[in-house]
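Down below is the structure, laid out as C-alpha cells.
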Amino acid sequence: MIPASIRILLVEDNPADARLVELGLVETDSGRFRVTRAERLSEALGLLRENAYDAVLLDLSLTDSHGLDTVSRVIEADPAVPIIVLSGLHDTELALQAVQSGAQDYLVKGESGGELISRSVRYAIQRKHAETELRRAHDELERRVAERTADLLETNTRLQREIESRHRAEDVLREEHGFISAVLDTLDALVVVLDRGGRIVSFNRAFAETTGYALAEAHGEDFWSLFLVPEEAKPVLAVFDALTASGRPSRNENRLRARDGATRLIAWSNTVLHGERGEVAYAIGTGIDITERRQAEDRERQRLLEIAHVARLSTMGEMATELAHEINQPLTAIAAYSDACVRQLRSGSSHQEEIIEALERIGTQARRAGEIIRRVRSYVRKEESPRTRMDINELVREVVHLAEAEARWRGVGIELDLAGTLPPLTADRILIEQVLLNLVRNAIEAMDDVAPDERRVLIRTSAGGDAAIEVAVRDSGPGLAPELVEQVFTPFFTTKPSGMGLGLSISQSIVEAHGGRLWAAANEPCGAVFQFSLPADAR
C-alpha cells in the first residue's frame, strides 16, 4: 500500500546529483514526494532514528561511508524502510550484491529520470511492504507452528505420562492380583467369585483341588449347573439372590459336586464386592469342607442316642426289678384274700364278718402297692447327692454344646437369652444338667413336623421371685393341649410315638428335691414352654 504523501530520505553528498533527483521527482508527481536530504551517512542515520520515512535513496560513495557497508548500516538503523541504491557505475555485480544485502533496487545516476526513480520508489515501497507482510505472515506461521508444536508436545508429553501411569497402575494391579491369588492359593478354605449372573469369575487352588476343575475350563460357566446337585440348586440360588439383592453377608451349607460325581459338604460364608458406583458387582463365597466333621458328629450323635437308649433300658430294668420286687408281696396278699372271699361265697357260708375283713385287707394291700409306686417315683428325691455352687448360664452353654449335634441333624436352631447378673446356686450339677438336657431334647424332638425355617428353641435365664433363678425352654412346635399341661408329668405318660414317659416325671422329682418347681405352659404364638425355678444362694 503506497501512502498519499511519500517521505523520502535522499542520502547524497553531491549537490548536483541530489538536485537532479529532486527535480525528477517533482516533475513526475509534484507535491506527492517530500524529500529530505542528508550529505553524510551519520546524518542520515540520525534522521532515521528520529523520523519515519517511506523510502531511502542511498548513494554508496559518501564521505563517511563507501560500498555495501552503507546499506547494512541503514538497515540496522531502520529495518523496515525500503532502500534504493544510487550509483554512478554500470556494475551488474555490485547491483546484485546490493539487492542481496537488502536493497530493493539499483539505479545508475544520469540514466535514471524522474519517472524511473518515481516508479522504482513505488515498487520498492510495495515490495518492502510485501516483504514485511510476508515476513509477518511467516513469523505468525512460525509462531503458530511453534504454539501448535508446543501444544502437541505438551499433549504428547501428557499422553505419554498418562500411558506410563496407566502402565504402572496395570503393573501394580497385576502384581496385586498375583499376590492376592498367591495368598488365596495358600488357604485351605475354598474361595469362589461369581458375577451377578451366577457365572464363575475365579476360584482358588483349594476349590480347584476339591472339584477337579481348572479355572480355565470353568471360567464363565454357570455355578449351579456345574457344581450343585439338582435338589439343592433352588435353595442355594435363593441364598445367592438374597445376597446380591441386599448386600448383607450370609451363611449356608450345601453339597459341592466334583468332576467325578463325588460330593463334599461345604459350609459357606458369603459376602459381596461392590463396583465403582456402589452396585453389587460380585458375590464371594468362602467355604470350609465339613464333610468329615459332619460325619463324625453324626456318629457321635448316634453313639449318644445308643448310650441314652441303653441307659434308659438299664434304668427301666432296674426300676422294673425294684417295682416287681416291692409290689410282689401286696399283690400276693391281695390274691390270697380274694381267693378266700371266693371260697367263702361259694360255700354259702354266712360268715359275713370274715368276708368283710378279707376285703378290708385287700384294700390295705392295694394302698400299699400304690405307695410303693409313689416311692419308686420319688426315689430320686430321697437319694443323697453331692451339691456344689455353680453358674446357671455356664450350665446352659454346656447343655447346648451337648445338644447341638442333634439340633443340627434335625434342622433346629438354638438361641440363648441369658441374664447377665444372676447369683450362683448350689445343686447337684449332673442332675440339673440332665433335667435341662431332657427339656431341650424334648423341645427339639417336638418340632419334627414344623417347617425347617421355623424350627427354633429359645433358652432363657432370669431372676424369679423369692430369690429364685428361672430357666425356660421354649419351642415353636405344635404345643400342648390345656388338659395335657399337668398330665405330662405323670409317670409313663407320653405324647411321643416311642418313649417310656418317665423323663418329665423324674425331672420334676429332681427339681423338687432341690427345693424348686418344674411346670409347663403354652408358648405364644405357638409351641410350648417348660421352665423350672431353683433357689439361688444368698448374695
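No gaps in the numbering here: position 263 of the sequence shown is 263 in UniProt numbering, and each next residue is one more. Beta carbons: idealized from backbone N, C-alpha and C, even for Gly.
As assigned by DSSP and simplified to three states, the class of residue i
| i | result |
| --- | --- |
| H129 | helix |
| D537 | coil |
| S65 | coil |
| V380 | Because V380 carries a pLDDT of 43, less than 50, the predicted location of this residue cannot be relied on, and no value is offered for it. |
| I284 | strand |
| A218 | helix |
| E39 | coil |
| V121 | helix |
| Q104 | coil |
| R474 | strand |
| H274 | strand |
| L94 | helix |
| T211 | helix |
| L45 | helix |
| G479 | coil |
Alpha carbon of residue i to alpha carbon of residue j, nearest angstrom
| i | j | result |
| --- | --- | --- |
| R19 | I125 | 22 Å |
| L89 | V81 | 24 Å |
| T490 | V471 | 21 Å |
| L62 | N156 | 57 Å |
| A95 | G67 | 11 Å |
| Q302 | L194 | 38 Å |
| R389 | A443 | 27 Å |
| K119 | T132 | It is Arg, not Lys, that sits at residue 119 in the sequence shown. Whole-angstrom Cα-Cα distance: 19 Å. |
| N14 | A52 | 24 Å |
| D17 | D151 | 57 Å |
| residue 624 | A520 | Nothing in the structure corresponds to residue 624, since the chain is present only between 1 and 539. |
| D298 | M447 | 19 Å |
| G516 | L359 | 41 Å |
| E221 | A281 | 17 Å |
| H167 | R158 | 14 Å |
| I290 | G197 | 27 Å |
| S378 | H514 | Any reading at S378 is ruled out, since the residue's pLDDT is 49, under 50, leaving its predicted position unreliable. |
| L57 | I84 | 5 Å |
| D78 | L153 | 37 Å |
| I334 | R367 | 11 Å |
| H219 | V201 | 6 Å |
| T92 | R148 | 44 Å |
| T210 | P249 | 24 Å |
is_contact[residue i, chain B] using C-beta, thresh 8 Å
| i | result |
| --- | --- |
| E133 | Here chain B cannot be found, since the structure has a single protein chain. |
Sequence-distant residues of the same chain with beta carbon closer than 6 Å to residue i, five excluded per side
| i | result |
| --- | --- |
| V26 | none |
| I459 | V396, L416, V473 |
| E115 | T28 |
| C341 | I355, A358 |
8 Å contact criterion, which residue i and residue j should meet: CB distance rounded
| i | j | result |
| --- | --- | --- |
| T271 | V191 | Actually they are not in contact, since the Cβ atoms of T271 and V191 sit about 11 Å apart, beyond 8 Å. |
| R441 | E406 | 7 Å |
| V412 | V457 | 6 Å |
Proximal residues to residue i (C-beta, below 7 Å), its chain only, five neighbours per side dropped
| i | result |
| --- | --- |
| I392 | L422, L425, T461, I469, V471 |
| V229 | R255, R257, T263 |
| G212 | A258, R259, D260 |
| H325 | Model confidence at H325 stands at a pLDDT of 48, short of 50, so the residue's coordinates are unreliable; what they give is reported in the following sentence. Correct list: empty, nothing qualifies. |
| L418 | N393, V396, T461 |
Beta-carbon contacts of residue i that lie in its chain and below 8 Å, excluding the five residues immediately before and after
| i | result |
| --- | --- |
| L345 | I355 |
| R251 | A267, W268, S269, N270 |
| K234 | none |
Worksheet item: Does the region 233-249 come close enough to the region 156-165 to have 3 or more Cβ pairs within less than 8 Å?
Response: no
Worksheet item: Just checking, does the region 97-107 make contact with the region 66-85 on the three C-beta pairs under 8 Å criterion?
Response: yes
Worksheet item: Is it true that the region 473-486 meets the region 501-511, where meeting means three or more beta-carbon pairs spaced less than 8 Å apart?
Response: no
Worksheet item: Is it a yes or a no for the region 446-464 touching the region 509-520, going by three-plus beta-carbon pairs under 8 Å?
Response: no
Worksheet item: Per the contact definition of three or more C-beta pairs closer than 8 Å, is the region 33-42 in contact with the region 136-152?
Response: no
Worksheet item: Are the region 519-534 and the region 430-448 touching, with three or more C-beta to C-beta distances below 8 Å?
Response: yes
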